[in-house]
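I have placed the structure first, in the form of C-alpha cells, so that the comments after it can refer back to it.
Residue numbers (our numbering): 84 to 198.
In C-alpha cells, the structure reads:
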C-alpha cells in the first residue's frame, strides 16, 4: 500500500533541524491547522460564506505548501474556482466539499501518526 505523504516526516525533521521538541511542536501545529481548516471550511460552506473560506485558505496556504500537502492545496484552488464560477449551490461544490473533507481526514490521520 502506498504511504500517504511519505516525505512529511522528513520535511518536519528538516525544518526542526534535529530539535526533537521543536519537531513535536511543529507536528502538533500542523495537526491543529488541518483540524482548523476542516472545521472552518465546513462552517463557511454551510453558511455559504466565501470570505470565511478565503481567510482560512490564506491562513493555511503557507503551511500546506511548506509541507507539500499538495492534494489539499489543489482541492482548495478548485473550490475557489467553483465558487467564483458557479457559487455554492450545485453538484460541483458539493463534490469538491466531499473531496476536500476526505483529503483532510487522510492528512490529519497521517500527521497524527507522527505525533
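We put the beta carbon where it would ideally sit given N, CA and C, even for glycine.
For this session: Please classify residue 141: is it buried, with 16 or more other beta-carbons within 10 angstroms of its beta-carbon, or exposed?
Result: exposed
For this session: Pull up the distance between the alpha-carbon of residue 198 and that of residue 118, whole angstroms please.
Result: Distance between the alpha carbons of residue 198 and residue 118 is about 14 Å.
Exercise. Going straight from the alpha carbon of residue 107 to that of residue 190, what length do you get?
Worked result: Cα-Cα distance, rounded: 17 Å.
Exercise. What's the gap between the Cα of residue 157 and the Cα of residue 95?
Worked result: 21 Å
For this session: Please name the residue, chosen from 162, 144, 112, that lies closest to residue 99 on a Cα-to-Cα basis.
Result: 112
Problem set entry | Burial state of residue 128 (16 or more Cβ within 10 Å) | buried
For this session: Can you have a look at residue 105 and say buried or exposed, based on whether 16 or more other CB atoms are within 10 angstroms of its CB?
Result: Exposed.
For this session: Compare the beta carbon distance of residue 153 and residue 179 with 8 Å and say whether it is the shorter of the two.
Result: no
Problem set entry | Cβ distance (whole Å) where residue 187 is taken to contact residue 131 below 8 Å | Their Cβ separation, rounded to whole angstroms, is 19 Å, which puts residue 187 and residue 131 out of contact at 8 Å.
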